[in-house]
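Top line first, the protein sequences correspond to chains A and B.
Those letters in the first sequence? Residues 653 to 792, by this note's numbering.
Those letters in the second sequence? Residues 653 to 792, by this note's numbering.
We put the beta carbon where it would ideally sit given N, CA and C, even for glycine.
Quick caveat, the model's predicted, so the values are computed rather than measured.
There are 2 protein chains.
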Amino acid sequence: MLSKIEAMCLKKGIRFTGSRKIIAQIIIESNDHPDVDVVLQRANKINPKIGIATVYRTLKLFADNDIIAKHDFAGEEKSRYEDVNDDEHHDHLIDIKTGKVVEFYNEEIEHLKEKIAKDLGYNLVDHRLELYASPIKKDD
Amino acid sequence: MLSKIEAMCLKKGIRFTGSRKIIAQIIIESNDHPDVDVVLQRANKINPKIGIATVYRTLKLFADNDIIAKHDFAGEEKSRYEDVNDDEHHDHLIDIKTGKVVEFYNEEIEHLKEKIAKDLGYNLVDHRLELYASPIKKDD
DNA sequence: TTAACTGCAAAGACTTTGCCAAGTA
DNA sequence: TACTTGGCAAAGTCTTTGCAGTTAA
């Protein structure tokens with residue numbers, strides 16, 4: 653079965669090479685929003701010859717084609733990546749203690765975003781909502 | 653009369669030098685969220701001897717002390733800065749055509765942000781909400 | 001086969017830092 | 001005067017790119 657990423661490469665006439673297959677698979681299987689170095693690490697477990705430039709190039713290629721999403725969270729130097737499903741949008745809560753990312757979706761906020769833009773005389777094209785938070789401690 | 657930034661510096665024992673005074677004034681008077689180069693340009697109109705390193709150092713100093721806010725908007729390479737008033741929070745709508753920044757505040761969203769974090773088991777520490785939008789064209 | 005891809009190292013863009021002269025309290 | 005600042009240029013990060021060998025269709 654064709655992965656979504658492979659299908660899109662085929663469609664756009666982009667070669668689905670060994671490196672790309674590996675990197676695509678890593679993104680699909682990772683749910684921790686890895687950065688370039690982490691992706692490289694995971695890729696090198698499968699093929700140690702893959703270099704950092706290829707990872708950068710491949711992630712950019714996928715991101716430019718909206719197959720994956722690139723995030724630049726506040727306070728972090730490197731970008732992080734995640735798989736995207738066209739039909740499902742979500743925002744992020746970042747645990748400032750650990751860097752862990754929790755995804756969430758809130759219908760009300762989505763509507764409000766649209767409304768606010770409209771009220772200001774704009775058509776909403778994109779948005780970014782990130783919550784930076786620390787876990788509530790429980791002494792149970 | 654002491655500017656808010658000068659007062660902050662005094663309070664924190666940070667020297668309020670000529671360069672810092674100029675840069676502080678520029679941030680206070682600018683409402684277009686200028687980046688480092690723009691701040692340098694404006695500073696150099698007053699004192700051509702101020703260098704880019706000083707602007708970077710000063711903006712970082714102010715930002716680290718929460719006297720000004722630093723923003724990294726999506727799709728822009730350089731950071732942009734703005735004055736902050738402790739008691740007044742706002743989010744940003746970025747005009748993707750011109751880079752113009754419109755500030756807005758929405759009570760409902762503020763509450764939702766808090767609630768979402770709580771529901772996920774976190775205490776909200778900070779957040780980032782940015783709307784990227786294009787102006788609604790009117791043929792009037 | 002042949003145009004596209006990859007690895008390596010070098011180059012870029014933004015930001016920070018070391019050094020020493022200069023300014024502030 | 002003592003200690004912090006600031007200008008300049010060099011160094012640091014993350015990311016992109018040129019080149020030549022390699023590979024997928």
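By Cβ distance below 7 Å, which residues in the same chain neighbour residue i in space, the five residues on each side in sequence not counted?
i	result
valine 707/B	Ile675, Val688, Val691, Leu692, Ala695
methionine 629/B	Residue 629/B cannot be examined here, being either before or after the span of chain B that is shown, 653 to 792.
alanine 785/A	Leu745, Asp747, Ile748
lysine 664/A	Asn717
phenylalanine 756/A	His742, Asp743, Leu745
So is residue i in contact with chain B if we call contact Cβ pairs under 8 Å?
i	result
aspartate 687/A	no
aspartate 716/A	no
isoleucine 748/A	yes
aspartate 792/A	Its pLDDT being 47, under 50, aspartate 792/A is placed unreliably in this model, and the value from its coordinates should be taken loosely. No, no contact with chain B.
Would you please verify whether the beta carbon of residue i is less than 8 Å from any beta carbon of chain A?
i	result
isoleucine 679/B	no
Can you pull the chain A residues whose beta carbon is under 8 Å from the beta carbon of residue i, in chain order?
i	result
leucine 745/B	Ile768, Ala769, Leu772, Tyr774
Below 6 Å CB to CB, which residues in the same chain sit around residue i once its five sequence neighbours on both sides are set aside?
i	result
phenylalanine 668/B	Glu658, Cys661
leucine 711/B	Tyr733
isoleucine 698/B	Ile674
isoleucine 704/B	Leu692
histidine 723/B	Arg732
Of the residues the options, which one's Cα is nearest the Cα of residue i?
i	options	result
asparagine 758/B	Phe756/A, Lys765/A, Glu759/A, Val753/A	Lys765/A
serine 682/B	Lys789/B, His763/B, Glu734/B, Phe756/B	Glu734/B
histidine 779/A	Pro787/A, Lys712/A, Lys767/A	Lys767/A
leucine 713/B	Lys697/B, Arg672/B, Asn775/B	Arg672/B
histidine 763/B	Gly670/B, Val754/B, Pro700/B, His741/B	His741/B
glycine 751/B	Arg709/B, Pro686/B, Gln677/B	Pro686/B
serine 731/A	Asp684/A, Ala769/A, Leu772/A	Asp684/A
isoleucine 773/B	Gly670/A, Val736/A, Leu783/A	Residue identity check: residue 773/B is glycine in the sequence provided, not isoleucine. Glycine 773/B has its Cα closest to that of Leu783/A, out of Gly670/A, Val736/A, Leu783/A.
alanine 769/B	Phe725/A, Ala769/A, Val753/A	Val753/A
isoleucine 666/B	Ile698/B, Arg709/B, Ala705/B, Ile680/B	Arg709/B
isoleucine 679/A	Asn775/A, Lys701/A, Ser655/A	Ser655/A
isoleucine 702/A	Gly670/A, Gly727/A, His723/A, Phe725/A	Gly670/A
alanine 721/A	Ile698/B, Ile788/B, Ala726/B	Ala726/B
aspartate 738/A	Ala715/A, Asp724/A, Ala705/A	Ala715/A
isoleucine 788/B	Asn775/A, Lys697/A, Pro787/A, Leu781/A	Asn775/A
Determine the chain A residues that contact residue i at a beta-carbon separation under 7 Å, and present them in chain order.
i	result
isoleucine 788/B	Gly773, Tyr774, Asn775
Here's a check: name, in chain order, each residue in its chain whose Cβ is nearer than 8 Å to the Cβ of residue i, leaving out the five neighbours to either side.
i	result
leucine 781/A	Asp743, His744, Ile761, Lys765
valine 736/B	Asp718, Ile719, Ile720, Ala721
*Can you list, in chain order, the residues of the region 753-786 of chain B whose Cβ is nearer than 7 Å to any Cβ on chain A?*
Against chain A - using a Cβ distance shorter than 7 Å - the residues of the region 753-786 of chain B are Val754, Phe756, Asn758, Glu760, Ile761, Leu764, Lys765, Ile768, Ala769, Leu772, Gly773, Tyr774, Asn775, Leu776, Val777, Asp778, His779, Arg780, Leu781, Glu782, Leu783, Tyr784, Ala785, Ser786.
_Using a Cβ-Cβ cutoff of 7 Å, what residues of the region 703-727 of chain A are near chain B? List them in chain order._
Residues Asp724, Ala726.
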